[in-house]
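In the numbering used here, the protein residues as written are 55 to 551.
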Amino acid sequence: MWLCLLCQWFNLRGMLVFLFAVLLVVLFLNKKDPPHFPPGPPALPILGNIFSIEAKQPHIYLTKLADVYGSVFCIRLGRHKTVFVSGWKMVKEALVTQADNFVDRPYSPMVTRIYSGNLAGLFFSNGKVWRRQRRFAMATLRSFGLANNSMEQKVCEETQCLQEAVEKKKGEPFDPVPLLNNAVSNIICQIVFGRRFDYSDRDFQSMLKNLTDMAYLEGSVWALLYDAFPVLMKILPGPHNGIFTSSKSLEASIKREIDRHKLDLDPSNPRDYIDKFLLEERHNRNTGMGFEEENLVLCCLDLFLAGSETTSKTLQWGLIYLIKDPHIQDKVQAEIDRVIGRSRQPSMGDRPNMPYTDAVIHEIQRMGNIVPLNGLRKAARDTTLGGYVIPKGTAVMPNLTSVLFDKNEWETPDTFNPGHFLDAEGKFFRREAFLPFSAGKRACLGEALARMELFLFFVSLCQKFKFSTLEGVELSIEGITGATRTPYPFKIFAKSR
55 MWLCLLCQWF NLRGMLVFLF AVLLVVLFLN KKDPPHFPPG PPALPILGNI FSIEAKQPHI
115 YLTKLADVYG SVFCIRLGRH KTVFVSGWKM VKEALVTQAD NFVDRPYSPM VTRIYSGNLA
175 GLFFSNGKVW RRQRRFAMAT LRSFGLANNS MEQKVCEETQ CLQEAVEKKK GEPFDPVPLL
235 NNAVSNIICQ IVFGRRFDYS DRDFQSMLKN LTDMAYLEGS VWALLYDAFP VLMKILPGPH
295 NGIFTSSKSL EASIKREIDR HKLDLDPSNP RDYIDKFLLE ERHNRNTGMG FEEENLVLCC
355 LDLFLAGSET TSKTLQWGLI YLIKDPHIQD KVQAEIDRVI GRSRQPSMGD RPNMPYTDAV
415 IHEIQRMGNI VPLNGLRKAA RDTTLGGYVI PKGTAVMPNL TSVLFDKNEW ETPDTFNPGH
475 FLDAEGKFFR REAFLPFSAG KRACLGEALA RMELFLFFVS LCQKFKFSTL EGVELSIEGI
535 TGATRTPYPF KIFAKSR
């Protein structure tokens, strides 16, 4: 009996020593914050605040935290600290005033796994590689239509395909999301692949599904868990594995397109982004600037994610807000009838003469809040934000939701109000706190293309159709939040005008 008691004592003692050792490790790993570091909510050892973040609407939770801890505060995700920056004033300070300091991306286990280690694509690369790849992408966009009207013509042609697809619904209720995804994605397909796809193409539809799944999961709590606990999450089952499945499927589709391009590449007549990149690779493959075929796949993947998801989601929210307020829809259509009529195709030259429609599109972008947070940045050197010390290497997340709904910048931040973008005389004016495309050196490189698409698709749809939904149905404006913010599934009627 005494021997059993003695063994139990030693077992208990061993357990206490083990727990004490674990506690010491935890205390060591969670180093004390430096003086004047941003405050934040209490965090659990090892886990941090990961389970405090609201899974369905993380941007709302994080925006509310600013009311408690101020416009600069810290959240702990596992052992990693992320400083969140809220409100137009502080976000402008980080992204514009200190643009050079907050231009690079921090290390992400999830991104590293998707982008094959050292390869970082277009949006997750840093330093000279990022600058070179961004300049190359912007120059390619300009050469294939943004510097002239050829891209506008392509968008106009696609609007006609979209109109025809809507007309085939013959006034019956339908889900508009697949049609909008098809139309918008075909624009980036023409830039990257040099061709558009039929809306019924099975490979095209598979790519779009993978894009949607990946965009949701990359911005979900599962992605946060993966980055916080990569060793554990890598072996656990769960939705996070869908991120890698979708990305690999997309990469395989893009690789097939690249192989097709290599068969008939004409150096004197590049047709698209892939051709241009392959030609650039011949001269810069070993320069360390990312001009390798493996990185081309990842750059194309980035262009698809950015060029398809955001614009399509904005148009989806546009239909919802038009249906929720028929008076606004009537005013948009009255302006279209007055400026363009019902038979002539819209053009970008019409936009200056359509201030109300332009204001409505901007308000859709604001309220739709397509990218609720932003891409992570890291401090290149020790600095301060809002009076707090931000040490070199600290991860920083600008909260775009807090800017688009900043009570100090918008008269009615929580209400759909096109008047936010109209002066006393009814003329359109741009608000400085309008940041759906982010700001600074990492601002969306396809902003000009997205603005063109939004105007032409939106106006052409409103020109031809009157939109409504099922009787008695109230469309939700809450949305499903991932990397982008998506409306809940909905159906509409499109009645020819």
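Cβ atoms here follow ideal geometry from the backbone N, Cα and C, with glycine treated the same way.
Buried or exposed (CB count within 10 angstroms, at least 16 for buried), residue i
i: L234; result: buried
i: E226; result: exposed
i: H381; result: exposed
i: E525; result: exposed
i: F105; result: exposed
i: Q214; result: exposed
i: R249; result: exposed
i: V137; result: buried
i: A269; result: buried
i: G447; result: exposed
i: Y161; result: exposed
i: P89; result: exposed
i: F411; result: The sequence as given places Thr at residue 411; Phe does not occur at that position. The residue is buried, with at least 16 neighbouring Cβ atoms inside 10 Å.
i: F358; result: buried
i: R420; result: buried
i: A148; result: buried
i: D281; result: buried
i: A109; result: exposed
Same chain only: Cβ atoms within 8 Å of residue i, ignoring 5 sequence neighbours per side
i: S170; result: E348 and L352
i: K367; result: G422, I424, T538, R539, T540 and P541
i: G94; result: N103, L119, Y123, F127, C128, I129 and R130
i: L333; result: L319, P321 and P324
Rounded C-alpha distance that separates residue i from residue j
i: F519; j: F475; result: 25 Å
i: E206; j: E532; result: 33 Å
i: D154; j: A434; result: 8 Å
i: N338; j: F345; result: 6 Å
i: V450; j: K146; result: 13 Å
i: K432; j: Q383; result: 43 Å
i: M261; j: A478; result: 46 Å
i: A493; j: D257; result: 35 Å
i: V21; j: G292; result: There is simply no residue 21 to check, as the chain begins at 55 and stops at 551 in what is shown.
i: G199; j: N471; result: 33 Å
i: S429; j: R159; result: The question names Ser, yet the displayed sequence has Gly at residue 429. Whole-angstrom Cα-Cα distance: 8 Å.
i: S274; j: E212; result: 32 Å
i: I418; j: P163; result: 34 Å
i: R188; j: G480; result: 37 Å
i: P230; j: F544; result: 8 Å
i: T341; j: S300; result: 31 Å
i: F251; j: N240; result: 6 Å
i: K208; j: N295; result: 37 Å
i: K316; j: I245; result: 16 Å
i: F488; j: Y253; result: 33 Å
i: K385; j: I328; result: 43 Å
i: N180; j: D379; result: 44 Å
i: L552; j: V443; result: With the chain covering only 55 through 551, there is no way to say anything about residue 552.
Closest by C-alpha distance to residue i, when choosing among the options
i: M343; options: F482, L176, I415 and E417; result: L176
i: A548; options: K222, Y253 and Y123; result: K222
i: I312; options: T437, K330 and S300; result: K330
i: F459; options: D326, K143, S307 and S239; result: K143
i: S456; options: T448, N340, D468 and P160; result: D468
i: F512; options: L499, E528, M287 and V238; result: V238
i: G441; options: V139, E463, D281 and E335; result: V139
i: D87; options: E463, P445, F482 and A174; result: P445
i: L369; options: S307, A219, C516 and F156; result: C516
i: F521; options: L510, W276, V386 and L373; result: L373
i: C243; options: L195, K288, W276 and F228; result: L195
i: A502; options: V527, K495 and F491; result: F491
Residues near residue i in its chain [Cβ-Cβ closer than 6 Å; skip 5 each side]
i: T266; result: none
i: K309; result: V351
i: M408; result: E389 and V393
i: A504; result: T365
i: R186; result: M343
i: I168; result: S301
Same chain, Cβ closer than 7 Å to residue i, neighbours up to 5 away in sequence not counted
i: E272; result: I297, G536 and A537
i: Q111; result: T535
i: F283; result: G132
DSSP bridge partner residues for residue i (one or two, in chain order)
i: S239; result: None, per the DSSP bridge assignment.
i: D158; result: K432
i: I546; result: F228
i: L439; result: Y442
i: V126; result: V139
i: T540; result: I534
i: F521; result: A548
i: L98; result: G102
i: P291; result: In DSSP, P291 forms no bridge with anything.
i: L476; result: F482
Residue-chain proximity (residue i, chain B), Cβ-Cβ < 8 Å
i: V285; result: No chain B appears in the structure shown, which is made up of a single protein chain.
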